[in-house]
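Numbering (this note's numbering), first residue to last: 60 to 187.
Beta carbons: idealized from backbone N, C-alpha and C, even for Gly.
Every value quoted in this text rests on a predicted model; they were computed, and no experiment measured them.
Structure first, commentary second.
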Amino acid sequence: MTAQAIRAVPTVRAVERQGLVTWLLPLGLFGLALLVRLWAAGEVPFPANEGSASYVGVSRNLAEGRGLVSDALWSYASPPLSLPKPAFEIWMPMASFLAALPMVVLGTSFAAAQLSSVLLGALVAPLV
């Protein structure tokens, strides 16, 4: 093997450093995105629209053990017109399921409901 070929072979330390750099940038982006999203979520003290309020309400009911029910009439076109009524006649359930997970551990506050969307949103930054 020539001296030039020996210099071209990466050392263990160089490979370890490259692996560290490979993970450092995505982790840094995730950390920065997480901080920004936590700050932004803290600036929103209540659900901003009826869709968000519906998701949070159903998540709260689920975390409290009441099941997948809604305590609000979101549409007069879908019976029954009594409360509580089955949830998800208009919106899909995934956001409520994700928001209910931290609510079970941290309590049924709006801040706890925001936590899952903050974490998932921060994961987008390193993927882009």
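To which residues does DSSP link residue i through a beta bridge?
i, result
"proline 145", "Val128"
Shortest alpha-carbon distance to residue i belongs to which of the options?
i, options, result
"alanine 171", "Gly87, Leu86, Pro106", "Pro106"
"serine 111", "Val187, Pro152, Leu165", "Pro152"
"tryptophan 150", "Leu132, Leu165, Leu88", "Leu132"
"serine 155", "Gly90, Glu102, Gly87, Ser118", "Ser118"
Leaving aside the five residues before and after residue i along the sequence, list all residues of the same chain whose C-beta is less than 6 Å from its C-beta, in chain order.
i, result
"leucine 174", "Pro161"
"alanine 122", "Ala159, Met162, Val163, Thr167"
"asparagine 120", "Val128"
Output the distance between the C-alpha atoms of residue i and residue j, rounded to the nearest integer angstrom.
i, j, result
"glycine 124", "leucine 79", "44 Å"
"leucine 84", "glutamine 77", "11 Å"
"serine 168", "aspartate 130", "16 Å"
"alanine 184", "leucine 140", "42 Å"
"alanine 99", "serine 176", "12 Å"
"leucine 88", "leucine 142", "44 Å"
"glycine 126", "valine 163", "13 Å"
"glycine 90", "leucine 165", "21 Å"
"glutamate 109", "threonine 81", "42 Å"
Leaving out the 5 sequence neighbours to the left and right, which residues in its chain are closer than 8 Å to residue i when beta-carbon positions are compared?
i, result
"glycine 180", "Ala92, Arg96"
"serine 134", "Glu148, Ile149"
"serine 137", "Glu148, Ile149"
Just to check my reading of the structure: residue i and residue j have Cβ atoms closer than 8 Å, yes? What is that Cβ distance to the nearest angstrom?
i, j, result
"valine 115", "alanine 158", "6 Å"
Within the same chain, show all residues whose beta-carbon is closer than 7 Å to that of residue i, passing over the 5 residues directly before and after it, in chain order.
i, result
"lysine 144", "Val128, Ser129"
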